[in-house]
Amino acid sequence: MKYIILILGMLASAVNAHEMTPTYPKLAPSSYEGIYKTTMNMFNKRADVQYYEVGVFNKDFKVVPFVTSYSVIKINYLSHVTFDIYVREEDLANAVYICSQSKIKTEDITRTAISSRICSKFKND
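Going by this note's numbering, the sequence shown opens with residue 63, and the numbers climb by one from there.
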């Protein structure tokens, strides 16, 4: 009986991760010819993580070339950051997902830590 209660307690516990919005970003032409841009917002709900890596991927989760201010972004606990993603016009057809993954510091590896990864899917019209 106590194992059932323990399992139910674990299932009901809150899971903290990070959030990235919008869920379906749209790449629109930027002020530079042949370059498309979207703006993303990220919120850190994890007290144990401050760094997140951003990437753009195709349908098979292979890397698509992109540019942003920093590929690894520092976000303090309960803070948010806004950043732009730029993709070349010739890579638009391949860009399907934008993902962020928490980066665990090497000195924190000795304790149990879980890396979280979330992805948003580009909206194609």
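Heads up, the beta-carbon is just placed ideally off N, CA and C, and yes, glycines get one too.
Taking a cut-off of 8 Å on C-beta distances, the stretch 129-147 touches the stretch 94-114, as three or more cross pairs fall below it. Beta bridge pairing from DSSP links Q163 with E115, R179. In this structure, S178 lies away from I166, with their beta-carbon atoms at least 7 Å apart. The C-beta of Y114 has 16 or more other C-beta atoms within 10 Å across all chains shown, which makes the residue buried. The Cβ neighbour count for S162, taken over all protein chains shown within 10 Å, is at least 16; the residue is labelled buried. For N138, there is no enclosing beta strand (DSSP E), as DSSP marks it with neither H nor E.
V118 counts as buried, since no fewer than 16 other beta carbons sit within 10 angstroms of its beta carbon.
For T101, the uninterrupted beta strand (DSSP E) segment begins and ends at 97-106. Within the model, the alpha-carbon separation for P91 versus A109 is close to 36 Å.
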